Structure formats: C-alpha cells, structure tokens
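Residue numbers for the sequence shown, in the UniProt record's numbering: 1 to 174.
Below is one structure; the comments refer to it alone.
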Amino acid sequence: MKQRTKIIAITGAESTGKSTLARALATHYNVPFVPEFARSYVEQLHRSYTYDDVIVIAKKQIEQYNEMLSQEPPLIILDTWLLITKIWLDVVYGKVPAWIDQAIKETRIDTFLVCDTDLPWVPDPVRENGGADREKLQQTYIRELKNYHFPFYTIKGNYEERKKAAIKVISSLD
1 MKQRTKIIAI TGAESTGKST LARALATHYN VPFVPEFARS YVEQLHRSYT YDDVIVIAKK
61 QIEQYNEMLS QEPPLIILDT WLLITKIWLD VVYGKVPAWI DQAIKETRID TFLVCDTDLP
121 WVPDPVRENG GADREKLQQT YIRELKNYHF PFYTIKGNYE ERKKAAIKVI SSLD
C-alpha cells in the first residue's frame, strides 16, 4: 500500500532561515520543495505591491501546493505557506478574504516548523519587518498556528542545528 505524502510547512518571521532550511531538507530527503513564491513575485513588480498582488500570491500558493500534492511524492516541503499570506493581508490591509481562511482550514499540513528569531535579521529590498515588528509577527504566526490547531515545532540554532532538529521532527512523523 502506498504511503501518504507527509507535508511540512516552514514558517516564521522574516530572515529566520526558512528558505535555507527548505532547500536543506529537500536535498537531505531528495525531494522537490515548493519555494517561496511571494519574494520572487514582489521582486519582479518594480513597484510597491498591492492588496491584489497579495491575493495573486495566495492563489499561486494554493496552486503550487495542489500541483505538488498531485505528484504524490513521499514528502512535500513548503517554504512558507498561506498562513503567512493571511497574516500579511491582515497586518498590511486589515482584511482577509473568507476563502483564504477556508483554504487554510481545508489544507492538510502534517506539521509546521517555525524558524525562531535567534538568527539576525538581514535587510534586503523585499524585507520590511525587522526589530520589534519581527518579534510581534513571530508571535502572531504562533498564535495563528494554535488557533488553527496545527501541530508545530520551533526550530532554533545555527543552520546546521536547525536542519538536524527539523530532520528529527520529520522522522518522528512516521
């Protein structure tokens, strides 16, 4: 009998090593991963993003998830996910379409890995939430994970320590 695909979503505030961890886990398990879509989308805009842009990002995240799931790999690693986009909409625009909340409730994620803020924030042209905002958002992500009753583990330390901790969590899901 075919095993069910395990789905791991990586979340956390800006500059916490989410993309680095996603790539490392994909390499370790020799599986493809769903890269962060928002960053590449916003970088190519050459203007300030809008509410409609964030909606496009949300729809693409759902599309990428479904496309990856249809391939039936043993493991899916999501570098960020719709939960971050929901919070982004709420924090920046004060409104979130009901379909996003429903999609979050209906999407199967086996566990979330929350990258801790113990790595330094590194500014770049896309990042906008360092300092106290970063910590506030981190707590918002954790609160939302609890509100949706998603299992999650906080991943701390340097990049190698994070990778080892994440592998330990994923191995425990068998």
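Here a beta-carbon is modelled for each residue, glycine too, at the ideal position from N, C-alpha and C.
The structure presented is a predicted model; accordingly, all values stated were derived computationally and were not measured.
Query raised in the report: Looking at the structure shown, is Val-34 part of a helix, part of a strand, or coil, going by DSSP?
Result: As a first step, residue 34 must be located in the sequence shown, where it is residue number 34. It is a strand residue.
Requested in this report: Look at the alpha carbon of Arg-162 and the alpha carbon of Thr-107, and state the distance between them as a whole number of angstroms.
Outcome: Counting from one through the sequence shown, the residue named residue 162 turns up at place 162. Counting from one through the sequence shown, the residue named residue 107 turns up at place 107. Between Arg-162 and Thr-107, the C-alpha separation is close to 25 Å.
Query raised in the report: What are the residues that DSSP puts in a beta bridge with Asp-79?
Result: As a first step, residue 79 must be located in the sequence shown, where it is residue number 79. Beta-bridge pairing links Asp-79 to Ile-10.
Report task. Express the C-alpha separation of Ile-8 and Phe-33 in angstroms, rounding to a whole number. Result -> For the purposes of this step, residue 33 is taken as residue 33 along the sequence shown, with counting starting at 1. For the purposes of this step, residue 8 is taken as residue 8 along the sequence shown, with counting starting at 1. Rounded to whole angstroms, Phe-33 to Ile-8 spans 10 Å at the Cα level.
Report task. Measure the Cβ-Cβ separation of Thr-85 and Ala-38 and say whether it is below 8 Å. Result -> As a position in the sequence shown, residue 85 is number 85, starting the count at 1. As a position in the sequence shown, residue 38 is number 38, starting the count at 1. Cβ distance < 8 Å, so Thr-85 and Ala-38 count as in contact.
Query raised in the report: When you compare only the Cα positions, how much space is there between Lys-146 and Pro-73?
Result: By 1-based counting over the sequence shown, the position of residue 146 is 146. By 1-based counting over the sequence shown, the position of residue 73 is 73. Roughly 27 Å separates the two Cα atoms.
Query raised in the report: Taking all protein chains shown into account, do 16 or more other C-beta atoms lie within 10 angstroms of the C-beta of Lys-136, making it buried, or fewer, making it exposed?
Result: Here residue 136 refers to the residue found at position 136 when the sequence shown is read from its first residue. It is exposed - the Cβ of Lys-136 has fewer than 16 other Cβ atoms within 10 Å.
**Report entry** C-alpha distance - Pro-151 paired with Thr-111, whole-angstrom precision
**Finding:** On the sequence shown, position 151 is the one that residue 151 refers to. On the sequence shown, position 111 is the one that residue 111 refers to. Distance between the alpha carbons of Pro-151 and Thr-111 is about 5 Å.
Report task. Report the three-state DSSP secondary structure of Thr-27 (helix, strand or coil). Result -> In the sequence shown, the residue the question calls residue 27 occupies position 27. In this structure, Thr-27 counts as helix in the three-state DSSP scheme.
**Report entry** Beta-carbon proximity list for Gln-61, same chain, < 7 Å, skipping 5 on both sides
**Finding:** If you number the sequence shown from 1, residue 61 lands on position 61. Phe-37, Trp-81, Leu-82, Thr-85, listed in sequence order.
Report task. Classify Tyr-49 as helix, strand or coil using the three-state DSSP reduction. Result -> If you number the sequence shown from 1, residue 49 lands on position 49. It is coil, neither helix nor strand.
Query raised in the report: With contact counted as at least three CB pairs below 8 Å, one residue from each stretch, are the segment 111-120 and the segment 87-103 in contact?
Result: no
Report task. Could you pull out every residue in the same chain whose Cβ sits closer than 7 Å to the Cβ of Ala-103, ignoring the five residues on either side in sequence? Result -> Counting from one through the sequence shown, the residue named residue 103 turns up at place 103. Contacts found: Ile-62, Leu-82.
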